[in-house]
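A quick write-up on the structure given underneath.
2 protein chains.
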Amino acid sequence: MNLKGHQRAVPEPTLRRLPVYHHMLRQCLDGGMETVSCSQIADELHYDPTQIRKDLAVTGIKGRPKVGYDLAELVDAVETFLGWNSTRKAFLAGAGHLGSALVGYGRFNRYGLEIVAAFDRDPARIGRKVHDREVLPITKLPNLARRMHVLIGIITVPAPAAQEVADLMVQGGIRAIWNFAPTRIEAPDDVIVQNEDLYATLGVLLQRLNTTLREG
Amino acid sequence: MNLKGHQRAVPEPTLRRLPVYHHMLRQCLDGGMETVSCSQIADELHYDPTQIRKDLAVTGIKGRPKVGYDLAELVDAVETFLGWNSTRKAFLAGAGHLGSALVGYGRFNRYGLEIVAAFDRDPARIGRKVHDREVLPITKLPNLARRMHVLIGIITVPAPAAQEVADLMVQGGIRAIWNFAPTRIEAPDDVIVQNEDLYATLGVLLQRLNTTLREG
DNA sequence: TAGATTGTTAATCGATTAACAATC
DNA sequence: TAGATTGTTAATCGATTAACAATC
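So the sequences go chain by chain: Z and S. To get the numbering used here, take the position in the first sequence, counting from 1, and add 25. To get the numbering used here, take the position in the second sequence, counting from 1, and add 25.
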């Protein structure tokens with residue numbers, strides 16, 4: 026019922042819970058279960074059952090009253106919805122500790138993401154191999170991205186270089202950026218920027234720890 | 026006024042924005058600025074000015090009408106509030122790619138966190154050096170944590186081992202856990218668990234990318 | 001059938017944003 | 001003083017939770 030034909034975007038909190046469900050559901054599936062109900066999920070995850078129903082509904086899955094959801098079907102629906110059933114190529118910029126770890130972290134391959142090349146600005150790093158992948162000069166990123174139809178960029182450079190790298194990515198036609206630098210990145214509206222701000226989590230952790238130590 | 030003397034916990038969204046302010050404010054400070062107003066911050070970060078004022082207020086800082094905030098004072102207030110002005114020791118469990126990267130990532134030292142030892146279950150990893158730190162057997166974690174008064178644990182083991190490792194940490198008196206495994210961890214109420222769920226961010230990124238590609 | 005569970009509509013809660021008085 | 005900005009109270013918005021009818 027909307028003129029532009031656009032669905033209302035799925036709320037981010039819902040989207041972030043889906044991988045949590047997925048992990049739990051896959052374990053159930055591997056354990057031989059065939060169906061699952063929201064109350065079972067709720068007991069395990071300590072979420073509200075109504076919330077779980079609403080969350081799962083966005084994937085298009087239908088449950089059966091009194092029975093629950095078909096587990097195999099549900100896992101597949103979540104994977105398809107999150108884009109984990111196909112694989113997209115990604116470029117990573119910044120072959121430092123964190124970047125190299127992500128390149129070597131093969132598990133993302135089963136979650137829709139294949140890091141096909143790493144880039145850096147530092148001549149000392151260029152040409153080196155990181156987990157069997159050669160580190161390329163960052164200047165080559167835009168052309169290569171276009172030629173290889175790479176739509177995802179991962180930024181693991183230090184904060185001062187992040188915007189510059191993002192600009193190169195946008196120039197290369199990249200449409201989604203996973204940003205590990207603790208800084209805001211400007212990009213056109215049709216480019217998705219998702220921040221993974223480790224310092225934010227660290228700040229929350231330390232503040233809450235200090236609070237409980239002071240009060241407890 | 027509340028009988029137990031506890032402050033209402035600062036909302037997590039506010040807490041997660043403070044590091045973002047901090048990064049920007051420090052840059053301003055390094056650039057020679059002396060005061061900053063909420064509208065300046067808002068222009069840069071694209072946040073609502075009222076929200077910024079409320080967020081900053083939790084640190085106890087006072088601004089001056091018509092002038093704004095004293096920048097040096099503000100940066101210090103944020104750092105102190107987040108616990109970035111002192112350093113706490115942390116143990117890391119799981120010396121794989123990601124764990125090793127975090128151990129080698131020295132920048133956390135200036136943000137309140139010093140990773141003093143890495144642990145693993147795998148005999149092939151135990152005894153090896155990771156960025157000049159020897160990898161210790163995970164079984165030694167509880168005793169060492171108590172002896173060294175380590176209150177923070179970082180979990181970078183695979184999901185199936187995460188709960189077991191968390192239990193060892195709790196047993197060793199650890200009070201805050203930074204969990205990189207994509208699984209829920211059970212811990213006593215007085216132990217803080219902060220999840221860094223890379224798969225959640227990845228899922229959001231891919232789902233939104235697929236949506237825009239389909240619609241655009 | 002009775003009971004459990006889904007799906008959906010309504011109520012609540014908390015966070016964001018708007019309005020505005022206080023102040024330098 | 002006039003104007004800009006803070007700090008705070010009120011209104012809005014969106015997400016979570018409760019209530020309940022539909023269904024197997």
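Glycine residues also receive a C-beta, built at the ideal position from the N, C-alpha and C atoms. All figures in this text were calculated on a predicted structure; none of them were measured in a lab.
Neighbourhood of residue i by C-beta, 6 Å cutoff - its chain only, sequence neighbours within 5 removed
i, result
"TYR136/Z", "TRP109"
"ILE140/S", "ALA115, LEU117, VAL128"
"VAL175/S", "LYS114, PHE116"
"MET58/S", "LEU96"
"HIS156/Z", "VAL128, GLY129"
"ARG150/S", "ALA120, VAL160"
"GLN76/S", "none"
"ARG78/S", "CYS63"
Residue of the options minimising C-alpha distance to residue i
i, options, result
"ALA126/Z", "ASN235/Z, ALA34/Z, PHE205/Z", "PHE205/Z"
"LEU81/S", "VAL45/S, THR112/S, CYS53/S", "VAL45/S"
"ARG113/S", "ASN134/S, LEU96/S, TYR94/S", "ASN134/S"
"PRO148/Z", "MET173/Z, GLY121/Z, ARG209/Z, PRO90/Z", "GLY121/Z"
"GLY56/S", "THR75/S, LEU96/S, THR39/S, VAL83/S", "LEU96/S"
"PRO36/S", "VAL229/Z, THR237/Z, ILE177/Z", "VAL229/Z"
"VAL251/S", "LEU40/S, THR208/S, LEU227/S, ASN168/S", "One cannot answer for residue 251/S here, as it falls past the ends of chain S, which runs 26 to 241."
"ASN220/Z", "ILE180/Z, PHE144/Z, VAL83/Z", "ILE180/Z"
"TYR94/Z", "ALA170/Z, GLY241/Z, CYS63/Z, PRO185/Z", "CYS63/Z"
"VAL92/Z", "ASP101/Z, LYS79/Z, VAL61/Z, GLY85/Z", "VAL61/Z"
"GLU104/S", "PRO162/S, LEU238/S, LEU138/S", "LEU138/S"
"ALA186/Z", "VAL195/Z, GLN196/Z, GLY119/Z, CYS53/Z", "GLY119/Z"
"LEU238/Z", "GLY124/S, GLY198/S, ASP192/S", "GLY198/S"
"LEU123/S", "ASN235/Z, THR236/Z, LEU223/Z", "LEU223/Z"
"ILE163/Z", "LYS154/Z, VAL190/Z, HIS47/Z", "VAL190/Z"
"LEU227/S", "ILE202/Z, ASP192/Z, VAL195/Z, GLN188/Z", "ILE202/Z"
"LEU107/Z", "CYS53/Z, GLN188/Z, THR39/Z", "THR39/Z"
"THR236/S", "GLN52/Z, LEU54/Z, THR84/Z, CYS53/Z", "THR84/Z"
Neighbourhood of residue i by C-beta, 8 Å cutoff - its chain only, sequence neighbours within 5 removed
i, result
"MET49/S", "ILE66, GLU69, LEU70"
"ARG200/Z", "LEU176, ILE177, ASP215, VAL216, ILE217"
"LYS165/Z", "PHE144"
"GLY152/Z", "GLU159, VAL160"
"PRO169/Z", "Going by the sequence as given, residue 169/Z is Leu instead of Pro. These residues qualify, in order along the chain: PHE116, ALA142, LEU161, VAL175, GLY197."
"SER111/Z", "GLY137"
"ARG171/S", "GLY197, GLY198"
"ALA212/S", "ALA191, VAL195, ILE202, VAL218"
"ARG146/Z", "PRO162, ILE163, VAL182, ALA186"
"GLN188/Z", "THR208, ILE210, GLU211"
Residues bridged to residue i [DSSP beta-bridge criterion]
i, result
"GLU139/S", "LYS114/S"
"VAL61/Z", "TYR94/Z"
"VAL218/Z", "ILE202/Z"
"ASP73/Z", "Bridge partners of ASP73/Z: none, in fact."
"ALA144/S", "Note that residue 144/S is Phe in the sequence shown, not Ala. Partner(s): ALA118/S, LEU161/S."
Local Cβ density within 10 Å of residue i, reported as buried at 16 or more and exposed below that
i, result
"ASP73/Z", "exposed"
"VAL216/S", "buried"
"SER231/Z", "A small fix is needed here, since residue 231/Z is Leu in this sequence, not Ser. Looking at its Cβ environment, which holds 16 or more other Cβ atoms inside 10 Å, LEU231/Z is buried."
"MET173/S", "exposed"
"ALA102/Z", "buried"
"GLY131/Z", "exposed"
"ARG33/Z", "exposed"
"ARG42/Z", "buried"
"ARG89/S", "exposed"
"ALA225/S", "buried"
Cβ-based neighbour list, residue i, same chain, cut-off 7 Å, excluding 5 preceding and 5 following
i, result
"ARG158/Z", "VAL128, ALA142, ALA143"
"ALA184/Z", "ALA206, PRO207, THR208"
"ILE86/S", "TYR94, GLU98, LEU99, ALA102"
"ARG233/Z", "none"
"PRO276/S", "Outside the displayed span of chain S (26 to 241) sits residue 276/S, for which this structure offers no information."
"ASN27/Z", "Any reading at ASN27/Z must be qualified, since the residue scores a pLDDT of 39, below 50, and its modelled position is unreliable; no value is offered."
"LEU54/S", "LEU96, ALA97, VAL100"
beta-carbon residue i near the ligand ATP non-hydrogen atom, thresh 8 Å
i, result
"PHE144/S", "As for the ligand ATP, it is missing from this structure, which has no ligand bound."
Would you mind listing the alpha helix (DSSP H) stretches within the region 78-107 of chain S that are 4+ residues and don't spill past its ends, in chain order? 96-107
Write down every uninterrupted run of the alpha helix (DSSP H) in the region 155-192 of chain S whose length is 4 residues or greater and which is fully enclosed by it, in chain order. 166-173
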